[in-house]
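Residue numbers (our numbering): 1 to 81. Down below is the structure, laid out as structure tokens.
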């Protein structure tokens, strides 16, 4: 289930094909000024990626993930390679 979204796209109006990454939202705890997720989130994936998906597909994919996840969006061909 999506708890946070971080949009790293430079081409913000491109929605047909993006790369998406999800990770356990507790990883956000180390970021400055982050809300803190202090509960057990063991069922959330540590890291998964989806390449060449639409924004709609990426959101549905991330929201279906077990646990609480942060969704990172990147331009197609960018992100964690």
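Yeah, the Cβ is synthetic: ideal placement off N, Cα and C, and Gly gets one too.
Beta-bridge partners assigned by DSSP to residue 53: 18. For residue 73, the uninterrupted beta strand (DSSP E) run begins and ends at 69 to 75, by DSSP. In terms of CA proximity to residue 57, 16 leads the group 6, 16 and 9. Judged by pairs of C-beta atoms under 8 Å, the stretch 27 to 36 does not touch the stretch 48 to 64, as fewer than three such pairs exist.
For residue 3, the closest of 52, 24, 50 and 47 by C-alpha to C-alpha distance is 24.
Our two residues, residue 1 and residue 12, have alpha carbons roughly 23 Å apart in a direct line.
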